[in-house]
Structure formats: structure tokens, C-alpha cells
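Here this note's numbering is used: the first residue of the sequence shown is 3, the next is one more, and so on. Note that the Cβ used here is the ideal one computed from N, Cα and C, for glycine as well.
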Amino acid sequence: MPELKILNSREIKQILKLIEKQWGTKLKLDYGFLKSNRNEVSGELKNFAFLSNHKGRVFIVNKEISNIEFSKLRLNSVGMYFCEVHNGSIRLSIEGSQIIGPKATKNVAELDEDETKKWLKGEDLEKECGNCKGFVILRHKNDFFGNGKYSKGRILNFVTKTRRINAI
3 MPELKILNSR
13 EIKQILKLIE
23 KQWGTKLKLD
33 YGFLKSNRNE
43 VSGELKNFAF
53 LSNHKGRVFI
63 VNKEISNIEF
73 SKLRLNSVGM
83 YFCEVHNGSI
93 RLSIEGSQII
103 GPKATKNVAE
113 LDEDETKKWL
123 KGEDLEKECG
133 NCKGFVILRH
143 KNDFFGNGKY
153 SKGRILNFVT
163 KTRRINAI
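Structure (C-alpha cells):
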């Protein structure tokens, strides 16, 4: 698997520290399970491995992937895209925000219906977010829509063009 690297427990713990620092969600790796102080993060991450590519993207896969012979395959991604790590900062994917969001205690921006529609169309948002800093998770009621970079009353949209919705 030349394109992807399986992360060891030290590298996974580093990602978990970044998540705790940014969103206040204290998770730990415990015998292959990710757990939170408040609740188990869920069976979704139970028995999964973490892989990264050369771009710093982190993917979550079932540990049974080790049964597949990858030496003859060239892969850029596999599994679920979870986050991207660069220079000591972390940006969650939409799916990553849906896993971490319910446990996040800081840097969560609550959107109203109009702001949610703008976000899904790929627009940046003009919004004050109190004590928010860096990447914020975007939430409308009980739904999580990824995250954007908060700076000076503005949340920059990182939703890729292929995932944007043109008409709502």
C-alpha cells in the first residue's frame, strides 16, 4: 500500500489531542475503541484503523482491511475520509464533524435555517461566533454540516464543489 500509511497508536493519539484542543472532546484510544468521557463515541469507530495519505488526509477503515493484499494496488484513498491534518491543525470532513460534533464542547457554530442553506450552497457566512477560534463545527439543530475556518466574524466554507447543493 505505497500511497497510504497505517497510523500507529502514537499518531492516532496525536490526532485525538488535536481534536481535544480544538473542540474540547476528550477521546482516548482504548484497546481499539475510541471512547469519550461522557459516552463511548460509538460502535462506529470500534475495531477500525486509521490511514493517511501523502496529503495529510486521514481515513477510517475496518481493521479487516489487513486481509487484503495491497502490494499490486495503487490507492489514494480507502474507507471514510475523516479529517485532514497540516502543521499542527486539524480540519474535519463532513462525516468527521458528524462523529465529533455531538461531543464537542467548544468551537461549534449554531446556524439558523437560512445560514444552513447558504452553507450547503458553498457560501461563506458572515457570523459572530463568541469564543470560536480556528476551525468550527457547523450545526443546525441536531445536524452537523462539516466545518469551516472562523476568522474576524466570517466562516470560510470548505465544502467541495461536488458536495454543494445548487437548489434547496
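Under the criterion of beta carbons closer than 8 angstroms, asparagine 109 and valine 80 do not qualify as touching, at roughly 29 angstroms. Using a Cβ distance threshold of 7 angstroms, isoleucine 92 and threonine 27 do not count as a contacting pair.
Contact between cysteine 85 and alanine 111 does not hold, since the beta-carbon distance rounds to 18 angstroms and is not under 8 angstroms. Straight-line measurement puts the Cα of glutamate 128 at about 6 angstroms from the Cα of glycine 155.
Ranking His56, Leu122, Phe147 by CA distance to the CA of glutamate 97 puts Phe147 first. Taking C-alpha positions only, glutamate 13 is separated from glutamate 5 by approximately 17 angstroms.
Within the same chain, Cβ atoms closer than 8 angstroms to the Cβ of asparagine 64 are found at Asn49, Phe50, Ala51, Gly81, the five residues on either side in sequence being excluded. Residue environment analysis places isoleucine 167 among the exposed positions, since fewer than 16 neighbouring C-beta atoms fall within 10 angstroms of its C-beta.
In this structure, the alpha-carbon of asparagine 55 lies about 19 angstroms from that of isoleucine 21.
In the structure shown, the three-state DSSP call for serine 91 is strand. Under a 10 Å Cβ-count criterion, arginine 59 is classified as buried, with 16 or more other Cβ atoms of the shown protein chains found around its own Cβ. Residues of the same chain with their beta carbon placed closer than 8 angstroms to that of serine 153 are lacking, with the five preceding and five following residues left out of the count.
With 16 or more neighbouring CB atoms inside 10 Å of its own CB, glutamate 117 falls in the buried class. Here DSSP, grouped into helix, strand and coil, assigns lysine 19 to helix.
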